[in-house]
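As structure tokens, the structure follows; a few thoughts come after it.
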């Protein structure tokens, strides 16, 4: 199971991939333009050198960003009420701002300080019977970020450890 993103959130989340694909699109556009205009200044011979690195980096970052949307699944014997109580307790302790608080879904956002190395995280928890789905990604409402310096993993670990107790 993965987090579903709206179009603008998806663009923000995958912006690093778009960044690395920009030169690829530029070279392809220029070659098509040269071909259609009958110009002989095509740079197709040198393109593999200039395209392999951006394509490799775009592929790597796409895989990383795609995998970050996967939920961690935790099986627990706790009641629905106890799970929610523990998640709210962690959110209060960590000073997360709860944005969505529905029966089966809690979405919280962190607002770390300037020196934390992160713009903030979006923590999503879905309770489905005895299964709890946990995910933490860089906050989609703030500047695009590729790294969180371990903060996303730490957020997930806090919730998973509290639920497993």
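In the numbering used here, the protein residues as written are 1 to 165.
Cβ atoms here follow ideal geometry from the backbone N, Cα and C, with glycine treated the same way.
Every value quoted in this text rests on a predicted model; they were computed, and no experiment measured them.
Asked, Found
"Three-state secondary structure assigned by DSSP to residue 110", "coil"
"Residue 143 to residue 79 span [Cα, whole Å]", "37 Å"
"Counted within 10 angstroms of its Cβ, other Cβ atoms place residue 63 as buried (16 or more) or exposed", "exposed"
"Neighbourhood of residue 119 by C-beta distance below 7 Å, restricted to the same chain and skipping five residues each side", "138, 139, 142, 143 and 145"
"Three-state class that DSSP yields for residue 75 in the structure shown", "strand"
"Within-7 Å CB hit, residue 23 to chain C", "Chain labels in this structure do not include chain C; a single protein chain is all it has."
"Nearest residue (CA-CA) to residue 157, options 82, 6, 90 and 109", "90"
"Contained alpha helix (DSSP H) runs [length at least 4] in the stretch 6-47, N- to C-terminal order", "7-13 and 15-37"
"First through last residue of the beta strand (DSSP E) which encompasses residue 99", "97-101"
"The stretch 52-70 contacting the stretch 84-98, beta-carbon criterion three pairs below 8 Å", "no"
"Alpha-carbon to alpha-carbon, residue 48 and residue 27", "10 Å"
"Assigned secondary structure, residue 65 (DSSP; H/G/I helix, E/B strand, else coil)", "helix"
"Boundaries of the beta strand (DSSP E) in which residue 131 is found, first to last residue", "131-138"
"Outcome for residue 97 when other beta-carbon atoms lying within 10 angstroms are tallied against a minimum of 16", "exposed"
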